[in-house]
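Undergrad: Everything in the sequence shown is counted per the numbering used here, starting at 7 for the first residue and increasing by one. Note that the Cβ used here is the ideal one computed from N, Cα and C, for glycine as well. Got a structure for you, written out below as structure tokens; questions coming shortly.
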Amino acid sequence: MVARFVVVVGNPKSAARLKLKSRVFRRALRNHTFRKPFQNWKHAMETFKNYMTLQKNITPVIETIILCGKQNISLRGHRDFGKLTVDNTDINDGNFPRGDASLKIHLESFNTIKYTSLISQNVIIDSCNSILLNKIVDRVNEAKCFTVLVDETADIAGIEQVFICVRYIDLKCLELHEEFLQFVPTTDASGKGLSNLILDNLKKFGINTQYLRGQGYDGAAAMAGKYNGIQVYVKKEHPLAL
Numbered sequence: 007m008v009a010r011f012v013v014v015v016g017n018p019k020s021a022a023r024l025k026l027k028s029r030v031f032r033r034a035l036r037n038h039t040f041r042k043p044f045q046n047w048k049h050a051m052e053t054f055k056n057y058m059t060l061q062k063n064i065t066p067v068i069e070t071i072i073l074c075g076k077q078n079i080s081l082r083g084h085r086d087f088g089k090l091t092v093d094n095t096d097i098n099d100g101n102f103p104r105g106d107a108s109l110k111i112h113l114e115s116f117n118t119i120k121y122t123s124l125i126s127q128n129v130i131i132d133s134c135n136s137i138l139l140n141k142i143v144d145r146v147n148e149a150k151c152f153t154v155l156v157d158e159t160a161d162i163a164g165i166e167q168v169f170i171c172v173r174y175i176d177l178k179c180l181e182l183h184e185e186f187l188q189f190v191p192t193t194d195a196s197g198k199g200l201s202n203l204i205l206d207n208l209k210k211f212g213i214n215t216q217y218l219r220g221q222g223y224d225g226a227a228a229m230a231g232k233y234n235g236i237q238v239y240v241k242k243e244h245p246l247a248l
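Right under this line is the structure:
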């Protein structure tokens, strides 16, 4: 799914060609449609046209989700499914129908396939998350030196969420960066439990923890405690992480 959206946003022409090859020609081989060249060509062109229309319609949806994410704007209104009332400002349909002419035309024209449901939103958000996380991980590993920054808070459901950030030098521009990685839920708020959670997730993200050289936490005992805080357990495994 990540690759699909990367191709759609990054290189439309390549996306169309890849889709055409992967779908039309495999089907042609399976159904022996090469025996009918004109019908196969016509079918290929129809498929190509349909795919280009799909790409044109889904691109503004992806761009709207990315914009809302950058600006910390919530996505969902009172209605995510069904017909969107793009001209009725008294009804909150969310942020999709507002401010984008191409997106407005798409939402008005297509009754069944809009790609604005919560399922589609989550798929696109997860894809963006994977792309951004992989880029940050690559830069951290290239720097070969980073600090982990951690804090925790309870979400609206009362679940403790640990947010993990990293600080590193971007070697391409020699600038200091602080980047958020992920929220990770936890049920063990002890120093040892949190240290295991942090190190396990850093490795899960793909970061080489052997490059860990610093730690940053708040003043809570479980976080920065001298004897049983996270930093004690992290230093046991990574002595250079001051």
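1) Looking at C-alpha atoms only, which residue of 145, 58, 215 is the closest neighbour of residue 183?
2) Candidates 157, 192, 240: which alpha carbon is nearest residue 169's?
3) Using the DSSP secondary-structure output, state which residues sit across from residue 174 in a beta bridge.
4) Decide if residue 160 is buried, meaning its Cβ has at least 16 other Cβ atoms within 10 Å, or exposed.
5) Which one of 186, 187, 203 has the shortest CA to CA distance from residue 194?
6) With DSSP as the reference, label residue 66 as helix, strand or coil.
7) In the DSSP output, what is residue 220 paired with across the bridge?
8) Helix, strand or coil: how does DSSP classify residue 193 here?
9) Just the C-alpha distance for residue 78 and residue 49, rounded to the nearest angstrom, thanks.
10) Smallest Cα separation from residue 152: which of 208, 133, 66, 58?
11) Please confirm whether residue 167 and residue 189 have their CB atoms less than 8 Å apart.
12) Measure the alpha-carbon distance for residue 74 versus residue 139 and round it to whole angstroms.
13) With respect to the alpha helix (DSSP H) encompassing residue 237, which residues constitute its N-terminal and C-terminal limits?
14) Would you say residue 223 and residue 236 are within 8 Å of each other, going by their C-beta atoms?
15) Across which residues does DSSP place residue 143 in a beta bridge pair?
16) Taking just the CA atoms, how far does residue 181 sit from residue 254?
17) If I'm right that residue 173 touches residue 200 with Cβ under 8 Å, what's the distance once you round it to whole angstroms?
18) Give me, in chain order, the residues of the same chain whose beta-carbon lies closer than 7 Å to that of residue 3; leave out the 5 immediate sequence neighbours on both sides.
19) Just confirm the distance between the C-beta atoms of residue 175 and residue 149, as a whole number of angstroms; I'd bet it's less than 8 Å.
20) Out of 55, 52, 125, 51, state which residue places its alpha-carbon closest to the alpha-carbon of residue 67.
21) Would the beta-carbon of residue 239 fall within 8 Å of that of residue 198?
TA: On the basis of the supplied data:
1) Counting from one through the sequence shown, the residue named residue 183 turns up at place 177. Cα-wise, what sits closest to residue 183 is 145.
2) One-based indexing of the sequence shown puts residue 169 at position 163. Of the candidates 157, 192, 240, the one whose C-alpha sits nearest the C-alpha of residue 169 is 157.
3) Position 168 of the sequence shown, counted from the first residue, corresponds to residue 174. BP columns for residue 174 point to 152, 183.
4) Walking along the sequence shown from the start, residue 160 turns up at place 154. Burial call: exposed.
5) In the sequence shown, counting from the first residue as 1, residue 194 sits at position 188. Nearest option by C-alpha distance: 203.
6) For the purposes of this step, residue 66 is taken as the residue at position 60 of the sequence shown. Residue 66 falls in the helix class under three-state DSSP.
7) Indexing the sequence shown from 1 puts residue 220 at position 214. According to DSSP, residue 220 bridges with 153.
8) Taking the sequence shown and counting its residues from 1, one reaches residue 193 at position 187. Residue state, collapsed to three classes: coil.
9) For this step, residue 78 is matched to residue 72 along the sequence shown. For this step, residue 49 is matched to residue 43 along the sequence shown. Spanning the two alpha carbons is a distance of roughly 43 Å.
10) Along the sequence shown, one-based indexing puts residue 152 at 146. Per the Cα distances, 208.
11) Taking the sequence shown and counting its residues from 1, one reaches residue 167 at position 161. Taking the sequence shown and counting its residues from 1, one reaches residue 189 at position 183. In contact: residue 167 and residue 189 (Cβ atoms closer than 8 Å).
12) Here residue 74 refers to the residue found at position 68 of the sequence shown. Here residue 139 refers to the residue found at position 133 of the sequence shown. About 18 Å.
13) Position 231 of the sequence shown, counted from the first residue, corresponds to residue 237. Unbroken alpha helix (DSSP H) run through residue 237: 236-243.
14) Numbered from its first residue, the sequence shown carries residue 223 at position 217. Numbered from its first residue, the sequence shown carries residue 236 at position 230. Yes, these two residues count as a Cβ contact at 8 Å.
15) To locate residue 143, count along the sequence shown from 1; it is residue 137. According to DSSP, residue 143 bridges with nothing at all.
16) In the structure displayed, the chain extends from 7 to 248; residue 254 sits before or after that span and is not available.
17) Numbered from its first residue, the sequence shown carries residue 173 at position 167. Numbered from its first residue, the sequence shown carries residue 200 at position 194. About 18 Å; that fails the 8 Å criterion.
18) Given that the chain is displayed from residue 7 to residue 248, the structure contains no residue 3 and the question cannot be resolved.
19) Against the sequence shown, residue 175 aligns to sequence position 169. Against the sequence shown, residue 149 aligns to sequence position 143. With 8 Å as the limit, residue 175 and residue 149 qualify as a contact, their Cβ atoms being about 5 Å apart.
20) Within the sequence shown, residue 67 is the residue found at index 61, counting from 1. Comparing Cα-Cα distances from residue 67 to each of 55, 52, 125, 51, the minimum goes to 125.
21) Position 233 of the sequence shown holds residue 239. Position 192 of the sequence shown holds residue 198. Yes; because the gap between Cβ atoms is below 8 Å, this pair is in contact.
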